[in-house]
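In what follows, a structure is listed as structure tokens, so that the remarks can point back to it.
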Amino acid sequence: MSFDLSSLKYDANGLIPAIAQDAENGEVLMMAWMNAESLAKTLETGHVTYWSRSRQSLWAKGATSGHMQHLVELRIDCDRDCLLLKVTQKGPACHTNRRSCFYTLVEDGKEVITAEPMT
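Per UniProt numbering, residue 1 is the first one in the sequence shown, and the count goes up by one each step.
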């Protein structure tokens, strides 16, 4: 069965959520948006490229920071409306310079920061 980008369920803006997960240890690194063009570029190059909603343009992860993501495996959820990207992450995934964007824990009604920025 060949993969058809148009078989995915994009939102009204032509976007689909993409969760980046460390391919080795399963850690969830970040969530971003992709469109058909960014997904095609990712599949073509192996370098994860997202769609930046704020810039309204393609965003090659790590292009300016050097914190690149290499695609190891792409999975599609059962509803075909969300992607799971298993990646090899170079450096931090989060723009706050943390390994993961999911460093804030809500515990007993309070926010707890669970990771400091990488140095």
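In this text, a Cβ means the ideal position worked out from N, Cα and C, and glycines have one as well.
Sequence-distant residues of its chain with Cβ nearer than 7 Å to residue i (five each side left out)
i: residue 72; result: 23, 86, 87, 88
i: residue 39; result: 5
Residues that DSSP places opposite residue i in a beta bridge
i: residue 37; result: None, per the DSSP bridge assignment.
i: residue 71; result: 87
i: residue 32; result: 18
Residue i - containing beta strand (DSSP E), residue span
i: residue 107; result: 104-107
i: residue 79; result: No beta strand (DSSP E) holds residue 79; DSSP gives it neither H nor E.
i: residue 17; result: 16-22
i: residue 54; result: Element bounds for residue 54: n/a, residue is neither H nor E.
Residue i, DSSP secondary structure in three states
i: residue 8; result: coil
i: residue 96; result: coil
i: residue 111; result: strand
i: residue 49; result: strand
Same chain only: Cβ atoms within 6 Å of residue i, ignoring 5 sequence neighbours per side
i: residue 97; result: 117, 118
heavy atom of the ligand NAD below 7 Å from residue i C-beta
i: residue 19; result: With respect to the ligand NAD, the structure offers nothing, as it holds no ligand at all.
Minimum Cβ-Cβ distance from residue i to chain B less than 8 Å
i: residue 112; result: Reference to chain B is not applicable here, since this structure consists of a single protein chain.
Close-in-space but distant-in-sequence residues of the same chain around residue i (CB under 8 Å, 5 per side omitted)
i: residue 136; result: In the structure as shown, the chain begins at 1 and stops at 119. Residue 136 is therefore absent and cannot be evaluated.
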